[in-house]
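Beneath this line is the structure, given in structure tokens, with notes to follow.
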Amino acid sequence: MNAKIVLIPGDGIGPEIVGEAKKVLEHVAARFGHTFSFTEIDMGGCSIDKYGEPLTDENLEIAKNSDAILLGAVGGNTTTSPWYKLEPKLRPEAGLLKIRKALQLFANLRPAYLYPELASACPLRPDIAEKGFDLVIVRELTGGLYYGDRWTREIDGVTTAVDTLIYSEPEIRRVAVKAFEIAMKRNKNLISVDKANVLDTSRLWRKVVAEVGREYPEVKLTNMLVDSCSMQLVHDPSQFDVVVTENTFGDILSDEASEISGSMGMLSSASLNESKLGLYEPAHGSAPEIAGLNIANPLATILSAAMLLRYSLDLDKEADAIEEAVRQVLRDGVRTPDIWSEGCTKVGTKEMGQEIIRRI
Ligand code: NAD
69 MNAKIVLIPG DGIGPEIVGE AKKVLEHVAA RFGHTFSFTE IDMGGCSIDK YGEPLTDENL
129 EIAKNSDAIL LGAVGGNTTT SPWYKLEPKL RPEAGLLKIR KALQLFANLR PAYLYPELAS
189 ACPLRPDIAE KGFDLVIVRE LTGGLYYGDR WTREIDGVTT AVDTLIYSEP EIRRVAVKAF
249 EIAMKRNKNL ISVDKANVLD TSRLWRKVVA EVGREYPEVK LTNMLVDSCS MQLVHDPSQF
309 DVVVTENTFG DILSDEASEI SGSMGMLSSA SLNESKLGLY EPAHGSAPEI AGLNIANPLA
369 TILSAAMLLR YSLDLDKEAD AIEEAVRQVL RDGVRTPDIW SEGCTKVGTK EMGQEIIRRI
């Protein structure tokens, strides 16, 4: 396969972790007989320094014309960096909002996985943690409460605020289709989360998801109320495979799922649109205080590269190979400082990249 991949190293540890993920992708291409071409573009603080804005239209165009985008992280120290003295639309994070909006990335995927070797970092009871879990939350990202009308007004002398929760059938349908497609690539078990006992938007959500489900008879679809889901995530996360939910519920549940997996440096994410194009990035930020020290954990970015292969390029075998190499590295006790524990071998960012490549 030939694929055009755009790399956005960004700021802080971004260039180091994207550098390692790129080497892993190059190795996968050579090993499995593919040709990946890479184009690097600036976004975030580095783009502000060069062009006076966090993402230029030219660079956005390059990203739009690619098959997939891999991002490190953007931003600097929010109290000391001069980038944060600029008006909000010129700050590093505005680049992220611009690209998400321009590419209409409406489906946000947040996997959460408990590696047995890192189980001691899991805040759940040992008898729950020892069962392990491997789930992905598909969150609707561009609709719902965060995008509806809002206002604060004085009504009869009482200050009153309103936020509008709004969803249309096509908005629900397109994210449901994504979730079923993802379930087809995994264990074919989809839980749709809503609050259909109270909210009209949730009743519409449930109806549309069920309709889409008829096109995917192999996938087992279950509905779950959001309050119940938040409890089940800490009670027995092993029951989940793919979860699909609206924006606000997804925001909260995906953070809960990240937290129970214990290690931020291990978590990847993806944002997808209606085509195959997606933006893949680690769930963590740019960690400016450790930039350039060769101690950042590149595994979340390497796992994001695996998601890129799976969801944008349909290269499942290649994605499996990367994910298995990550599991193997952990089994072999190789760790960057953030996940290091007694008895393990401590390695730097670059060495971790090499250790992964050796195991693919
Ligand atoms: P952060 O995720 O960058 O760092 C939080 C803590 O985790 C720090 O102690 C950091 O050293 C550590 N850490 C994070 N990633 C690590 C890794 N790969 N290896 C080892 N340790 C790691 O969050 P923050 O400190 O709140 O934010 C720093 C900057 O990142 C800010 O400018 C923020 O706006 C930005 N940010 C960007 C994104 C993004 O680009 N998507 C997301 C979140 C935060």
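First residue of the sequence shown? That's 69 in our numbering, and the numbers climb one at a time after it.
All C-beta atoms in this analysis are idealised placements derived from N, C-alpha and C, irrespective of residue type, glycine included.
Rounded separation between R193 and G200 - CA only: 11 Å
Entirely enclosed alpha helix (DSSP H) segments - the segment 178-255, minimum 4 residues: 194-197 and 237-253
Same chain, Cβ closer than 8 Å to R403, neighbours up to 5 away in sequence not counted: S409, C412, T413, K414 and V415
Of the listed residues E342, L138, G281 and D295, nearest to I36 (C-alpha basis): Residue coverage of the chain in this structure runs from 69 to 428, which leaves residue 36 outside it and unanswerable.
Residue of K90, P83 and R218 minimising C-alpha distance to Q422: K90
DSSP state of S105 mapped onto helix, strand, coil: strand
6 Å Cβ shell around N11 - same chain, five flanking residues per side excluded: Outside the displayed range of the chain (69 to 428) lies residue 11, so it cannot be described from this structure.
beta-carbon T223 near the ligand NAD non-hydrogen atom, thresh 7 Å: Rather than Thr, the amino acid found at residue 223 in this sequence is Ile. Not so, every heavy atom of the ligand NAD lies at least 7 Å from the Cβ.
Alpha carbon of S134 to alpha carbon of L345, nearest angstrom: 8 Å
Distance, L383 Cα to V226 Cα: The C-alpha of V226 lies about 57 Å from the C-alpha of L383.
Beta-bridge pairing of A389 - partner residues as DSSP gives them: Its beta-bridge partners do not exist; DSSP assigns none.
The segment 284-300 / the segment 225-240 touching (three or more Cβ pairs under 8 Å): no
Proximity of S380 and A189 at Cβ, strictly below 8 Å: no
V280 versus T148: straight-line alpha-carbon distance, rounded: 49 Å
Under 8 Å between C-beta atoms of D79 and P356: yes
Whole-angstrom distance between L93 and E324, CA atom to CA atom: 30 Å
Inter-residue Cα distance where the pair is E108 and N127: 9 Å
Coil, strand or helix - M111 by DSSP: In the structure shown, M111 adopts coil according to DSSP, grouped into three states.
Range of the contiguous alpha helix (DSSP H) that encloses A162: P160 to A170
For G292, the first and last residue of its enclosing beta strand (DSSP E): Here residue 292 turns out to be Met, not Gly, going by the sequence shown. Per DSSP, the unbroken beta strand (DSSP E) holding M292 starts and ends at K288 to L293.
The beta strand (DSSP E) enclosing I73, as first and last residue numbers: N70 to G78
Exposure label - H436; buried when at least 16 CB within 10 Å: What is shown of the chain runs 69 to 428, which leaves residue 436 out entirely.
Endpoints, the alpha helix (DSSP H) within which P83 is located: G82 to F100
Classification of A98 by the beta-carbon crowding that lies within 10 angstroms, buried from 16 upward: exposed
Cβ-based neighbour list, I425, same chain, cut-off 7 Å, excluding 5 preceding and 5 following: K91, V92 and H95
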